[in-house]
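Protein chains in written order, with our numbering: chain A, 968 to 1306; chain B, 968 to 1306; chain C, 968 to 1306; chain D, 968 to 1306. Built from N, CA and C at the ideal position, the CB exists for glycine as well. Report on one structure; see the data block that follows.
Number of protein chains: 4
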Amino acid sequence: MIVIMKPGASEQDVCHVVELVKDYGLKEHVIVGTNRTVIACLGDKRNVDKGAIENAAGVERIVPILAPYKIASREVKKEYTQIKIGDKGFPLGGKKVGVIAGPCSVENETQLLQTADKVAAAGCIGLRAGAFKPRTSPYSFQGLGVEGLKILGKAKEQTGLAVITEVVAVEHIEIVAEYVDILQIGARNMQHYPLLEALGKIKKPVLLKRGMSAQLDEFLLAAEYIINAGNSQVILCERGIRTFEEYVRNTLALAMVPELKEKTHLPVVVDPSHGTGHAHLVPAMCRAAVAAGADGLLIECHPDPEHALSDGAQSITPQALAELMQQIKAIAKAIGRDA
Amino acid sequence: MIVIMKPGASEQDVCHVVELVKDYGLKEHVIVGTNRTVIACLGDKRNVDKGAIENAAGVERIVPILAPYKIASREVKKEYTQIKIGDKGFPLGGKKVGVIAGPCSVENETQLLQTADKVAAAGCIGLRAGAFKPRTSPYSFQGLGVEGLKILGKAKEQTGLAVITEVVAVEHIEIVAEYVDILQIGARNMQHYPLLEALGKIKKPVLLKRGMSAQLDEFLLAAEYIINAGNSQVILCERGIRTFEEYVRNTLALAMVPELKEKTHLPVVVDPSHGTGHAHLVPAMCRAAVAAGADGLLIECHPDPEHALSDGAQSITPQALAELMQQIKAIAKAIGRDA
Amino acid sequence: MIVIMKPGASEQDVCHVVELVKDYGLKEHVIVGTNRTVIACLGDKRNVDKGAIENAAGVERIVPILAPYKIASREVKKEYTQIKIGDKGFPLGGKKVGVIAGPCSVENETQLLQTADKVAAAGCIGLRAGAFKPRTSPYSFQGLGVEGLKILGKAKEQTGLAVITEVVAVEHIEIVAEYVDILQIGARNMQHYPLLEALGKIKKPVLLKRGMSAQLDEFLLAAEYIINAGNSQVILCERGIRTFEEYVRNTLALAMVPELKEKTHLPVVVDPSHGTGHAHLVPAMCRAAVAAGADGLLIECHPDPEHALSDGAQSITPQALAELMQQIKAIAKAIGRDA
Amino acid sequence: MIVIMKPGASEQDVCHVVELVKDYGLKEHVIVGTNRTVIACLGDKRNVDKGAIENAAGVERIVPILAPYKIASREVKKEYTQIKIGDKGFPLGGKKVGVIAGPCSVENETQLLQTADKVAAAGCIGLRAGAFKPRTSPYSFQGLGVEGLKILGKAKEQTGLAVITEVVAVEHIEIVAEYVDILQIGARNMQHYPLLEALGKIKKPVLLKRGMSAQLDEFLLAAEYIINAGNSQVILCERGIRTFEEYVRNTLALAMVPELKEKTHLPVVVDPSHGTGHAHLVPAMCRAAVAAGADGLLIECHPDPEHALSDGAQSITPQALAELMQQIKAIAKAIGRDA
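Following this line, the structure appears as structure tokens:
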């Protein structure tokens, strides 16, 4: 941490800050510059509320030096983590790009089982579908709940696909973990810490979606909550951020992919369906995500998007998925990977 | 809802969309314009996933007409709701502007009781302080929990102030409701629906903070979740949004105040502490919030901000609060209100 | 400037960076911390491209210490600058809040002269209206040009109001300066440096609007261009920024007002018309801007907003302006100022 | 255009709006719905200020139906435009992806000629370098001006590369057009209409960068200014937008690529250097841009980034460029294109 003093700060101000720095258990190092004094603070205190010093007289601002996350960082673990997915143990985070597809919601058994067959046939490794749906409006379809989980279980059995679904409440974790392979934390819950901590106590992989306005540090700190609670099988998912752009539901920030691969050892997947909100943009952004280095993709696919109970606008058909998989494979190959 | 067709859409495309519209239980009304055809859809179906039709051939986009929220709306209830706060029953949402102040966290009994006395002496109607703290980092101070609630209870007894604290998990609601007057939903949890629904079942006022990147509709729909579950005592709180601005922690969007007063009957308060992140900006933004029509303010105030365990940078001292209250009263008076 | 090295940076990396720092004419100061090394660079070189060092091996990032602007800063001039406006020499930046109002565009003589009379009668100090209009679409009304300037000149003569209009091209400066008292640089041109430099060579006040996505530093650097070129009469105008908010045309960032009053000695005015985009939000935000400490306001006012050729949605009527002026005066008085 | 009335709007309000609609030369079509009345307005009046009607009593909001741009639209011209680049007439917008690389600024002859040789050797079709530099700070290196143009001319002669440089002022256009093949409008000037119109009068291709906070419609309207003034050789360039993200200089919005290819016939290129701001992110985002369908790339490349006079942090070395070109070719091939 570095404390930057104001130009006119007095010697007394500097002394006072030095005292505060010592109070925090840090060692100070005062540098008197041409225009102002800065105080470098030495020691590893990631838990100190750095902002408090900002209130002291003569202080202009505080610059943190250390990344606030630790165990999610490549500083601590250089090699990339591979996470085994589903009964077949697909290694996400390795050479092969893993594609997970499926409808926004489990609507009924026929819909899901038919989709699952097509998803498997297209060469995907996983099936996604919501049973407990977090919906912006209380009047929207909220998912089938446990019944949906059971249908997911059947689809898993029938196809051998790894199955992923979102969990929205701590009390659902146990039942969800019974039926699925990967538990997803949605963007709205990225900073719902009780959920993060509870998922830190299970033994299955967790897919953590980036919050709609989460910064990289916050995203990795949310992962750190889960790892710190005991579960190191965390998959990060970029799904777009909220910006002023109006032709998309979210702005898919693909530079997040290479940056995360630099900062963390965790696998990184991309969700171009939520990341754009429109089916016609999904194929291009799937290709781009893989070209940018994503370890996997999450794609919404519905047999009849026009009648989907949720997210119809961003769902592609199984036929489109099959075609897209060919493009994804070609891109993966072009960068020395498989899909 | 209005469906806008692409310029080249065929008659067949239009017929197909008309069929879809009927499937949704809506009545269609086709208008053939100079450049394109639009299909107005009549009927009140706020629960339909409008996006699905976007996938149909020839469709360019869908424009919703109805606001997605209902019972939070002034369309349904024109008169402003007043919510009685604390044992003294201060009517929030009425002529008088209510100020609630206090430290970010309950740190210990002395800190809180001393602050509470100063908050009461300054003329505030409520005391704020966190017992369960949602923190971005798992290594930061997480609050005193139930012990903190007990200290809040003492402060309430000692001062007669209405007491407000954040609740972060469904299982804490009962114990929190036992000790405090207003339960707060933090910005990170604005769309944690299990929490919204659970707070819809209690009999105490709920203060709902706007999510960091929530749009007005989403904010009111979150309120609607609570009201729909049975609790109509919802107070809305603007606390700043995430933008590209770098001199503030959040950008305080004060136009939200007059816009909410237009759209909803619920009381609207403003939190300039989180809304700026820096103590030196708090007084000006408190004055501005009241001038813009806020029904109340939430202000972070700490007896020793330099040593605060959380949010020190944005906390003002009790002396600054006392002075600020005079300014707030003057502004309130200037617009025909009291404080 | 501080260079933060990566955790694993070698001694050789540090030596190389020290060499680079010396190349830039700066003095280095190496601090070896618990986790990483940082290199403080001493000397006042605001013109160095700090980013270049980021490319050196072992470097994580660069933290600038000095503000990039200088002569616009209160570090250099502590007392606030007052700028004399119009023939009556109203001192903008002093105790009295100055209100400037008028239509978006000069549409014809009758429209402008009638509006000007009402603006003067309401107690405003200035009249605003566009003659050269920068319009998003090439098919929109582009203003009356020189004819518009002449009408502005008549309005000035008739009312004694200070007159302000936007200048969009360097070659218009001379003719515009002939007719008006204040030359405005619009948000779209905040970083059109040829215009800034050319306006630095005239002897009249310049009102500089913040760009739609300009950060504070960039805003002050744009002012610095003008001052550096010879004209210190620069008025800063906050007019809202582009964010994800959908109920406003722009998000009016009022915390910019107290922050600018902290960082710069230049007068600060606010434009709540562009800052919200909707007439019904203008009065509340005018009050809020004054309460936040603005030295003046820029308000769009049109005798018949429903038929305005531009910006009708955000224009208030002369009657509304008269009423609003009473509120503004009351707020100004409440904070110890006049209007 | 559709006018949505408020729920309580009176018959008189509706009649008044119908009158206004007729005043604008549009034909009205009133639809009385369950909850509210909407008025569809027929006729192609893209130049009407739609906002003005918003002010009428009983109006809630206005929804535009027609895209505001026309000649840039694929509604008017379905086939993609190919623009011949440089003396060799490379067809940008065709099957082959064109890469343009070079330093941020022309610093001296040796630097540029050496870089140009490497750029040509790597298989690029164009050379980029700034002679007139728009810089955020008046104290930064502002470019070599005409001398820089002459060096660019030599590089063109020596290598046969198409040469592109930014033009910041109308009065520079003539001299710039003399030396280079493509004239660039920078992000800061995307809405500097005098420049757009002046470039509409020359006979050379113009590369138009998206403004930092420009929406798709505004971007295409800026292109429309140029085309409307007489020059249809416009190349669009996505270069990242300003968001809350802090690990990048800008957020590269790659979904803009497929969306633009849907909406406009103009070629679309991507600048991942400004679009990320950091050299280590450039290769991944170049690959992603091509995978997303970009017709070309603009890459900053400097022989000695650590000593670059501008944009050093985001410049890659010639060696890195050579390697990157292989990856770009592989990706292009994977999607059925060449590079």
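Contact with chain B by residue i, beta-carbon distance below 9 Å
i: CYS1247 of chain C; result: In the sequence as displayed, the identity of residue 1247 of chain C is His instead of Cys. For HIS1247 of chain C, the answer is yes, since a Cβ of chain B falls inside 9 Å of its Cβ.
i: ALA1280 of chain D; result: no
i: ASN931 of chain A; result: Coverage of chain A is limited to positions 968 through 1306, which leaves residue 931 of chain A absent and any answer about it impossible.
i: MET1157 of chain C; result: no
i: ILE1050 of chain D; result: no
i: ASN1002 of chain D; result: yes
i: ILE1283 of chain C; result: no
i: SER1104 of chain A; result: yes
Cβ-Cβ distance between residue i and residue j below 9 Å
i: LEU1276 of chain A; j: GLU1074 of chain A; result: yes
i: VAL1134 of chain C; j: ILE1152 of chain C; result: yes
i: LYS924 of chain D; j: GLU1267 of chain D; result: Residue 924 of chain D lies beyond the range of chain D shown here (968 to 1306); nothing can be said about it.
i: THR1004 of chain D; j: ALA976 of chain D; result: yes
i: GLU1076 of chain C; j: LEU987 of chain D; result: no
i: ILE1131 of chain A; j: LEU1094 of chain A; result: yes
i: VAL1137 of chain A; j: LEU1116 of chain A; result: no
i: LEU1227 of chain C; j: GLU1205 of chain C; result: yes
i: PRO1234 of chain C; j: ILE1202 of chain C; result: yes
i: GLY1263 of chain C; j: ILE1067 of chain C; result: yes
i: LYS1170 of chain D; j: ILE1149 of chain D; result: no
Below-9 Å beta-carbon distance, residue i vs any chain C residue
i: VAL970 of chain A; result: no
i: GLN1182 of chain B; result: yes
i: LEU1162 of chain B; result: no
i: VAL1005 of chain A; result: yes
i: ARG1206 of chain B; result: no
Distance between beta carbons of residue j and residue i, contact taken as under 8 Å
i: ALA1222 of chain D; j: VAL1236 of chain A; result: Their Cβ separation, rounded to whole angstroms, is 17 Å, which puts ALA1222 of chain D and VAL1236 of chain A out of contact at 8 Å.
i: GLY1110 of chain A; j: ALA1098 of chain A; result: 5 Å
i: GLU1306 of chain C; j: VAL1064 of chain C; result: Reading off the sequence, residue 1306 of chain C comes out as Ala, not Glu. Between VAL1064 of chain C and ALA1306 of chain C the Cβ distance is about 4 Å, and since that is below 8 Å, they are a contact.
i: ALA1096 of chain A; j: GLY1069 of chain A; result: 5 Å
i: VAL1030 of chain C; j: VAL984 of chain A; result: 18 Å between Cβ atoms; not a contact.
i: ALA1019 of chain B; j: ALA1258 of chain C; result: About 46 Å; that fails the 8 Å criterion.
i: TYR1160 of chain D; j: PRO1101 of chain C; result: 5 Å
i: GLU1213 of chain C; j: GLN1182 of chain B; result: 6 Å
Endpoints, beta strand (DSSP E) assigned at residue i
i: LYS994 of chain C; result: 994-999
i: LEU987 of chain B; result: Unbroken run through LEU987 of chain B is the alpha helix (DSSP H), 978-990; no beta strand (DSSP E).
i: ILE971 of chain D; result: 969-972
Neighbour flag for residue i against chain A, beta carbons, 9 Å
i: ALA1301 of chain D; result: yes
i: PHE1186 of chain C; result: no
i: ASP1011 of chain C; result: yes
i: ASN1195 of chain B; result: yes
i: THR938 of chain C; result: A query on residue 938 of chain C cannot be resolved here, the shown segment of chain C reaching from 968 to 1306 and no further.
i: ARG1209 of chain C; result: yes
First through last residue of the alpha helix (DSSP H) which encompasses residue i
i: GLN1125 of chain A; result: 1113-1126
i: ILE1092 of chain D; result: Unbroken run through ILE1092 of chain D: none, as it is neither H nor E.
C-beta neighbour in chain D for residue i, strict 9 Å
i: ILE998 of chain B; result: yes
i: ILE1032 of chain B; result: yes
i: ILE1347 of chain A; result: Residue 1347 of chain A is absent from the model: chain A starts at 968 and stops at 1306.
i: SER1040 of chain C; result: no
Segments assigned alpha helix (DSSP H), at least 4 residues, entirely inside the region 1226-1302 of chain C: 1249-1258 and 1285-1301
Ranges of the beta strand (DSSP E) found wholly within the region 994-1065 of chain D, counting only runs of at least 3: As for any beta strand (DSSP E) of minimum length 3 sitting wholly inside the region 994-1065 of chain D, the runs are 994-999, 1004-1009, 1026-1030, 1050-1052 and 1057-1059, ordered along the chain.
Unbroken stretches of the beta strand (DSSP E), 3 residues or longer, contained in the region 1137-1221 of chain D: 1149-1152, 1173-1176 and 1201-1205
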